[in-house]
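The structure appears below as structure tokens.
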Amino acid sequence: FWAGQDLAHTAERRQEQLTRELPFAIDLIGGAMRSGLDFGAAMRYYANLDMQGPLREEFSRVLADVTLGRPFVGALEDMSARIRVKSFASFVSVVSYGMEIGAPVAESLRLHGEDLRKARFNLAERKAARAPAVMILPLVLFVMPAVFIVVLTPMFMRLAPMMKMGQ
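Residues in the sequence shown are numbered from -6 upward in steps of one, following the numbering used here.
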């Protein structure tokens, strides 16, 4: 039971890291393509950078598949099926569509990277907007009773002798 939860948590954390790294990777690959490299060389450039992370490892695996004779689009679709990240699936569709019709992939990647950053920013805004509602319960359960104890204890200590005299 615990091993399954740990594995699920590790997979979720890996997907979050992939989602976080993807806009930067798209920018680097797109920039390399705008400077004259083709898609394969640009992906190789990104995979050979001195960076650690699951996205670089996955791109290295795609390049290994391509070296063994798989087409880029098929290797990217396999990667998309492996990592199951929605934003990466849209990246694969942008690349495959661009390669299919002969459109400039670099410009499409630039626009797609901007869209991913905007979506990530919107997600962060939604999480930040939800934070006050999540903080209410701990505030009510822990902070407010402590404040009442600190504020009301001296008042009750002064009233206690008066109450004894009144009896």
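Backbone N, C-alpha and C define an ideal beta-carbon position, used for all residues, glycine too.
The stretch 51 to 62 and the stretch 125 to 142 do not touch, with fewer than three beta-carbon pairs separated by less than 8 Å. Within the same chain, Cβ atoms closer than 7 Å to the Cβ of LEU21 are found at TYR39, the five residues on either side in sequence being excluded. Pairing LEU109 with GLY23 gives a Cβ-Cβ distance that is not under 7 Å.
ARG7 places its beta carbon less than 7 Å from that of PRO47.
In the three-state reduction of the DSSP assignment, LEU30 falls in the coil class, being assigned neither a helical nor a strand state. The residue from ARG77, ALA74, PRO147 and PHE32 with its alpha-carbon nearest to that of VAL59 is PHE32. Taking the Cα positions, LYS79 is about 54 Å away from LEU145. By alpha-carbon distance to PHE114, the top candidate from THR12, ASP(-1), PRO154 and ALA1 is THR12. Per DSSP, ARG110 is one residue of the alpha helix (DSSP H) stretching across 98 to 131. Within its own chain, the residues whose Cβ lies closer than 6 Å to the Cβ of GLY91, once the five positions on either side in sequence are excluded, are VAL98 and SER101, listed in chain order.
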